[in-house]
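Residue numbers (this note's numbering), protein chains in the order written: chain H, 2 to 209; chain X, 497 to 661.
Note sheet for the following structure.
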Amino acid sequence: MNDSIFGEPEASALLAAASVETGLLERLHARLEEAAGHDGLLDVAYRTIDTPVGALLLAATEVGLVRVAYESEDHDRVLDALAARLSPRVLRAPRRLDEAAREIEEYFGGARRTFDLRLDLSLSSGFRRLVQGHLPEVGYGHTRSYAQVAQLVGNPKAVRAVGSACATNPLPIVLPCHRVVRSDGSLGGYAGGLAAKTALLRMEALAA
Amino acid sequence: MALKQPFERIVAEHAETILRVCRLVLGVHDADDAWSETFLAAMRAYPELPADANVEAWLVTIAHRKAIDIVRARQRRAIPVEEVPETASTIGIPGSGDPDLWDAVRALPPKQRQAVAYHYVAGLPYAAVAEILGGTAEAARRAASDGISNLRTRVLGAHSNGATR
Numbered sequence: 002m003n004d005s006i007f008g009e010p011e012a013s014a015l016l017a018a019a020s021v022e023t024g025l026l027e028r029l030h031a032r033l034e035e036a037a038g039h040d041g042l043l044d045v046a047y048r049t050i051d052t053p054v055g056a057l058l059l060a061a062t063e064v065g066l067v068r069v070a071y072e073s074e075d076h077d078r079v080l081d082a083l084a085a086r087l088s089p090r091v092l093r094a095p096r097r098l099d100e101a102a103r104e105i106e107e108y109f110g111g112a113r114r115t116f117d118l119r120l121d122l123s124l125s126s127g128f129r130r131l132v133q134g135h136l137p138e139v140g141y142g143h144t145r146s147y148a149q150v151a152q153l154v155g156n157p158k159a160v161r162a163v164g165s166a167c168a169t170n171p172l173p174i175v176l177p178c179h180r181v182v183r184s185d186g187s188l189g190g191y192a193g194g195l196a197a198k199t200a201l202l203r204m205e206a207l208a209a
Numbered sequence: 497m498a499l500k501q502p503f504e505r506i507v508a509e510h511a512e513t514i515l516r517v518c519r520l521v522l523g524v525h526d527a528d529d530a531w532s533e534t535f536l537a538a539m540r541a542y543p544e545l546p547a548d549a550n551v552e553a554w555l556v557t558i559a560h561r562k563a564i565d566i567v568r569a570r571q572r573r574a575i576p577v578e579e580v581p582e583t584a585s586t587i588g589i590p591g592s593g594d595p596d597l598w599d600a601v602r603a604l605p606p607k608q609r610q611a612v613a614y615h616y617v618a619g620l621p622y623a624a625v626a627e628i629l630g631g632t633a634e635a636a637r638r639a640a641s642d643g644i645s646n647l648r649t650r651v652l653g654a655h656s657n658g659a660t661r
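Here you go:
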């Protein structure tokens, strides 16, 4: 009868027979997230969330939130960079990001003006880190110029360095570099693109 | 050191193949545990893996060892009773595949089952299969080929007897 049913070339029939029911791999992944967390192997956990300014990648170490990235930064490349700089043990593990996701969603819903999250600033250092740490002092609905921020951190001449500190902010939105603009009132740059910067400032101005 | 991919990408790329390998080697019932232990161990060791390593062969090697551990643990636990009927239902996948084929896979000697899984399912060359199983590449090729022809005979035999279909 059908003698080609299991010839050696048809060995891939095994693959078909072993087809995996939908949802199982997701359940196994969830089990891996939990076990890795339990064993202290979850060096970098991440997830993405949808927001009015596009999908945001959120990543956290055991210390705290370490990276917020816009889609325009290319999430795959951001994950590559996290693997290279922090640890290759990078796993999609949403639970560690629950708190950050909730606060960011509240922020976009107009219900939150400051963030109350544990942060890990290990992706930046020196003066940039100092500047980034001061960014929350520029309050919701307000803007400061790069020069004013330079004064704020006690180094009034370091206007350009403040600019690069903002440009390399690993935690945009949470550390509000979007509130820092040029002295002439023009926007300056933004990692998420000028449309995102405008949208955030407009949203805050309307809510403030 | 060359750039190492985020571990998530390793999981995304190999999760399904490794699960199939575990199912062929262990049966569906124990495959989930083998998969979990394989990827947890892999994640632990991942930072030390050379960047140019063959990831698939590395994962299959870990899965092979985990499967052996699971079989040993099962043997230690098991009170020697005759074949438990429920294992027959757990090895087949409800709603998919060929029950005759699964019975036939289960009846294969372990080495043939492993060789078939590692070569035909994971796609490893016989040299890599031999490194995992011990012995020569030629022996691995023979085990896989004997496994396939055993499966062919059994599956065809069952079909021509008009057994389950």
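Quick reminder that beta carbons are idealized off the backbone N, C-alpha and C, glycines included.
- Your pair A56(H) and E34(H) does not check out as a contact, with CB atoms roughly 20 Å apart and the cut at 8 Å.
- Here T169(H) has S125 and R129 as same chain residues with Cβ atoms under 7 Å from its own Cβ, once five neighbours each way along the sequence are excluded.
- Looking at I628(X), P621(X), E627(X) and Y614(X), the one whose alpha-carbon comes closest to that of G643(X) is Y614(X).
- Between A618(X) and V507(X), the C-beta gap is not smaller than 7 Å, which leaves the two residues out of contact.
- Across the region 610 to 625 of chain X, CB contacts with chain H closer than 9 Å involve V612, A613, H615, Y616 and V617, in sequence order along the chain.
- Annotated three-state conformation of S184(H) is coil, per DSSP.
- Excluding the 5 residues flanking it on each side, R638(X) has no same chain C-beta neighbour closer than 7 Å.
- Beta-bridge analysis with DSSP links Y47(H) to A60(H) and R93(H).
- Here the alpha carbons of A559(X) and D529(X) stand approximately 10 Å from one another.
- When the beta-carbon positions are compared, H525(X) and L555(X) stay at least 7 Å from each other.
- Residue pairing of S146(H) in beta bridges, as defined by DSSP: V182(H).
- Between L652(X) and T534(X), the alpha-carbon positions lie close to 34 Å from each other.
- Annotation: R119(H) is outside any beta strand (DSSP E) and is labelled neither H nor E by DSSP.
- Three or more beta-carbon pairs drawn from the region 174 to 181 of chain H and the region 200 to 209 of chain H are found closer than 8 Å, and the two stretches are therefore classed as touching.
- Interface residue (Cβ-Cβ distance to chain X less than 7 Å): R96(H) is not classified as such.
- Classified as exposed, L207(H) has fewer than 16 neighbouring CB atoms from the shown chains inside 10 Å of its CB.
- The Cβ of W554(X) sits no closer than 7 Å to any Cβ of chain H.
- F535, L536, M539, R540, Y542 and P543: these are the residues of the region 533 to 563 of chain X whose beta carbon lies less than 7 Å from some beta carbon of chain H, given in chain order.
- Of the residues assessed, G110(H) falls on the exposed side of the cut-off, its CB having fewer than 16 other CB atoms within 10 angstroms.
- Under the 7 Å criterion on CB atoms, L629(X) is classed as non-interfacial with respect to chain H.
- In terms of beta-carbon proximity, E504(X) lines the interface with chain H, with at least one pair separated by less than 7 Å.
- Taken atom to atom, the span from the alpha-carbon of V625(X) to that of A611(X) is near 7 Å.
- For K607(X), the nearest beta carbon of chain H is not closer than 7 Å to its own beta carbon.
- Beta-bridge annotation (DSSP): Y71(H) is paired with L57(H).
- Using a Cβ distance threshold of 7 Å, L58(H) and V79(H) count as a contacting pair.
- Interface residue (Cβ-Cβ distance to chain X less than 7 Å): R90(H) is classified as such.
- Restricting attention to I105(H), P157(H), E107(H) and A162(H), the CA atom closest to the CA of Q133(H) is found in A162(H).
- In its own chain, leaving out the 5 sequence neighbours on each side, no residue places its CB closer than 8 Å to the CB of Q501(X).
- By the CB criterion at 7 Å, L83(H) and V21(H) fall outside the cutoff.
- Taking T632(X) as the centre and dropping the five residues before and after it, the same chain places the C-beta of A626 closer than 7 Å to its C-beta, in chain order.
- The Cβ-Cβ distance between V601(X) and L536(X) does not fall below 7 Å.
- In summary, the residues of the region 511 to 527 of chain X whose CB is separated from some CB of chain H by less than 8 Å are A511, E512, L515, R516, R519 and L520, in the order they occur in the chain.
- One Cα belongs to E552(X), the other to E512(X), and the distance between them is close to 12 Å.
- Residues of chain X with a Cβ closer than 9 Å to the Cβ of A85(H) are, in chain order, L499 and K500.
- Checking the DSSP bridge columns, you'll see T557(X) has no partner listed.
- When DSSP states are grouped into helix, strand and coil, T534(X) belongs to the helix group.
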